[in-house]
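In this note's numbering, the protein residues as written are 1 to 537.
Don't be surprised by glycine CBs; every beta carbon is placed ideally from N, CA and C.
So the structure is just underneath, and the comments pick up after that.
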Amino acid sequence: MKPRQFHFATLLFLITYLMICTSNGSPQDKMNVLLIVADDFRQALGSYGNTVVKTPNLDQLAQRSIRFTKAASQQAVCGPSRISFLTGRRPDTTKLVYNKKLTYWRVNAGNFTTLPQHFKDSGYFTASSGKVFHPGKASNSTDDYPYSWTIPAYHPSTQEYKNDPVCPSVDGQLHTNVVCPVDVKKQPEGTLPDIQSTQYALNFLKNYTDSNNNNQPFFLAVGYHKPHLPLKYPKEFLDMYPIEEIDIAANPELPFDLPPVAYEPWTDLRWRDDIAALNLSFPYEPIPDFYAKRIIQSYYAATTYMDSLVGQLLTALDEYGLTGNTIVSFIGDHGFALGEHQEWSKYSNFRGTTNVPLIIHVPGMTDNRDHGGSGIVSDALVELVDLFPTLSELAELKVPDLCPDDSSNITLCSEGLSFAPLLKNLDMPWKKAIFSQHPRPSDEPQQNSCAPTLSEITIMGYSMQTSSYHYAEWIQYDHETQKGNWSNVHARELYLGPQDDVNVASVPSLSNLVQDLSDQLRKGWRNALPENSYVNA
């Protein structure tokens with residue numbers, strides 16, 4: 001049975017009604033939380049050192065926040081990553097290591113409490129706008145309502161046109177393209193999904209201010225679809241990026257000695273009309289430079305479009321007097337390759353696809369410290385799975401205990417570690433490594449390499465980043481037990497530099513280092529925790 005679709009006006013009525021009913025009239029003593037999630041978003045921000053992309057609003061947020069330069073998602077694909085950071089547990093625990101034919105973690109893995117549910121259970125009014133949970137079966141086709149949200153999650157009506165042929169092309173026809181600047185007024189319903197999601201969030205903030213008198217704290221999550229493919233955005237943003245100012249990736253070649261299993265052949269681009277017209281041979285023929293520049297140009301334009309919408313949210317916090325008591329967290333759900341290593345999209349363990357921007361503003365804690373106008377910058381190794389306990393601690397809620405090895409029957413625990421202590425002491429010892437993973441159907445690139453179903457997975461790539469190295473092992477995987485066989489290693493990767501350009505795992509003189517890193521990878525995330533973790537692992 002298809003879940004009931006709630007009308008925008010109905011949801012706004014529910015916001016007002018429930019805020020009035022749930023308010024107890026006592027002064028609010030908890031901070032609000034605004035969680036902003038961008039889809040397929042790499043560290044393409046001015047505050048992260050990108051000198052081409054224009055992100056003034058997020059850069060201003062970073063100036064009064066803490067910004068983490070080495071933050072990793074647990075899997076570079078939407079469904080597994082989102083369920084991981086929203087439950088505070090890793091993909092092997094949620095049993096969502098694939099992005100097709102997904103299952104609901106409460107049924108398949110355990111009745112795990114989510115980040116918004118924890119806030120809801122602690123007295124918060126929780127609401128969702130846009131893509132926060134991965135839609136569909138992964139979140140019970142309800143975005144986990146009513147467990148996680150006080151009111152039904154809002155999804156923009158125009159998202160159903162996501163892959164419709166609406167992209168103008170040189171032949172005068174409309175196509176389904178990767179590159180898709182559009183006249184918004186000519187789009188179905190005269191708008192775009194992220195514009196709708198922003199408007200809903202703005203109305204939420206206004207209704208909160210008008211009806212609740214700030215007596216009940218809110219947890220508002222806003223999920224932006226951009227810069228996820230297709231790169232569909234208002235065409236005026238394209239004018240901000242003259243094509244002659246766009247460069248291709250600095251490292252467009254395949255990494256030296258790259259094992260084929262590690263390569264992702266970007267099939268989610270190939271089926272789209274503009275890429276199909278290039279007639280590229282599968283899997284290794286590269287996208288020509290002239291079109292690579294167009295994709296990068298549109299990725300940046302879509303990013304600036306998203307940034308402008310974030311700016312509206314931040315302005316609303318100011319206008320409604322909420323900035324001083326609202327924690328703001330901005331993340332990407334995972335990264336995205338823009339031609340590095342001859343790859344596009346996500347679906348890999350390269351750092352460009354696993355690593356994300358992670359920015360947190362905490363009133364009174366991050367905005368009154370002088371760091372040369374750039375905000376607080378941390379190079380500590382952190383993970384998206386840490387977000388659940390971190391926001392809990394910053395909001396002065398119960399911090400979930402660290403999960404035991406088998407946590408399937410424990411509703412509230414975390415496989416991440418609150419990094420709130422780093423806001424007070426940037427120099428304290430922290431994690432020794434951070435971890436990601438991604439599945440493959442075979443050793444060689446296939447049409448389904450990007451997103452195999454569970455039954456198609458035969459290999460799992462486990463990846464570990466330390467302060468000096470990036471190491472990965474691709475091991476045999478049993479999809480029935482959903483466990484890997486560490487005694488059957490198909491391939492290894494070891495990168496010494498920050499760009500993952502040269503795989504030196506087979507260099508004889510580095511065999512001892514490879515063995516040490518292999519041992520560390522197999523011991524897993526618990527062994528990487530700092531000695532003074534708040535709970536004994």
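Alpha carbon to alpha carbon, how far is residue i from residue j?
i: residue 54; j: residue 138; result: 34 Å
i: residue 154; j: residue 133; result: 11 Å
i: residue 519; j: residue 431; result: 16 Å
i: residue 527; j: residue 185; result: 54 Å
i: residue 456; j: residue 97; result: 12 Å
i: residue 197; j: residue 486; result: 44 Å
i: residue 533; j: residue 417; result: 8 Å
i: residue 483; j: residue 462; result: 12 Å
i: residue 562; j: residue 215; result: Nothing can be reported for residue 562, as the shown portion of the chain is limited to 1 through 537.
i: residue 89; j: residue 171; result: 48 Å
i: residue 73; j: residue 218; result: 25 Å
i: residue 276; j: residue 176; result: 10 Å
i: residue 422; j: residue 71; result: 13 Å
i: residue 460; j: residue 323; result: 43 Å
i: residue 227; j: residue 166; result: 17 Å
i: residue 350; j: residue 48; result: 18 Å
i: residue 39; j: residue 304; result: 13 Å
i: residue 353; j: residue 76; result: 6 Å
i: residue 25; j: residue 211; result: Confidence at residue 25 is low in this model, with a pLDDT of 40, below 50, so the placement of that residue is unreliable and no value is reported for it.
i: residue 365; j: residue 394; result: 10 Å
i: residue 400; j: residue 182; result: 45 Å
i: residue 321; j: residue 200; result: 19 Å
i: residue 315; j: residue 408; result: 42 Å
i: residue 476; j: residue 158; result: 41 Å
i: residue 313; j: residue 328; result: 10 Å
i: residue 381; j: residue 169; result: 43 Å
i: residue 250; j: residue 340; result: 7 Å
i: residue 511; j: residue 498; result: 20 Å
i: residue 290; j: residue 117; result: 47 Å
i: residue 529; j: residue 415; result: 11 Å
i: residue 355; j: residue 30; result: 31 Å
i: residue 489; j: residue 523; result: 16 Å
How is the alpha helix (DSSP H) around residue i delimited, first residue to last?
i: residue 63; result: 56–63
i: residue 331; result: Segment 326–332 is the beta strand (DSSP E) holding residue 331; no alpha helix (DSSP H) there.
i: residue 437; result: Unbroken run through residue 437 is the beta strand (DSSP E), 434–440; no alpha helix (DSSP H).
i: residue 123; result: First-last for residue 123: undefined, no H or E at that position.
i: residue 78; result: 78–87
i: residue 292; result: 289–319
i: residue 69; result: Premise fails: residue 69 lies in the beta strand (DSSP E), 66–72, not in any alpha helix (DSSP H).
i: residue 276; result: 273–276
i: residue 105; result: 105–108
i: residue 393; result: 387–394
Applying the 10 Å Cβ sphere with the 16-neighbour rule, what's the burial state of residue i?
i: residue 333; result: buried
i: residue 525; result: buried
i: residue 151; result: buried
i: residue 173; result: exposed
i: residue 43; result: buried
i: residue 119; result: buried
i: residue 271; result: exposed
i: residue 420; result: buried
i: residue 292; result: buried
i: residue 237; result: buried
i: residue 515; result: exposed
i: residue 343; result: buried
i: residue 396; result: exposed
i: residue 281; result: exposed
i: residue 509; result: exposed
i: residue 500; result: buried
i: residue 51; result: exposed
i: residue 36; result: buried
Compute the beta-carbon to beta-carbon distance between residue i and residue j, rounded to the nearest angstrom, for a pair I have assumed lies under 8 Å.
i: residue 447; j: residue 267; result: 6 Å
i: residue 388; j: residue 220; result: Rounded, the Cβ-Cβ distance is 16 Å, inconsistent with contact.
i: residue 194; j: residue 306; result: 7 Å
i: residue 450; j: residue 347; result: 4 Å
i: residue 255; j: residue 57; result: Residue 255 to residue 57, Cβ: 35 Å. No contact.
i: residue 391; j: residue 33; result: 6 Å
From the beta carbon of residue i, is the nearest beta carbon of chain B less than 8 Å away?
i: residue 234; result: Protein chain content of the structure displayed is limited to a single chain, and chain B is not contained in it.
Give a single yes or no on whether residue i has its beta carbon closer than 7 Å to a heavy atom of the ligand ATP.
i: residue 532; result: This structure does not include the ligand ATP; it has no bound ligands of any sort.
Identify the continuous beta strand (DSSP E) that holds residue i and give its terminal residues.
i: residue 357; result: 355–361
i: residue 223; result: 218–224
i: residue 514; result: It is not in any beta strand (DSSP E) - residue 514 instead sits in the alpha helix (DSSP H) that spans 511–527.
i: residue 448; result: Careful: residue 448 lies outside any beta strand (DSSP E) and carries neither H nor E.
Would you be able to state if there are at least three C-beta pairs under 8 Å between the stretch 181–189 and the stretch 253–273?
no
Sufficient close CB pairs (3 or more, under 8 Å) joining the stretch 456–474 to the stretch 284–293:
no
The stretch 428–443 / the stretch 119–134 touching (three or more Cβ pairs under 8 Å)
no
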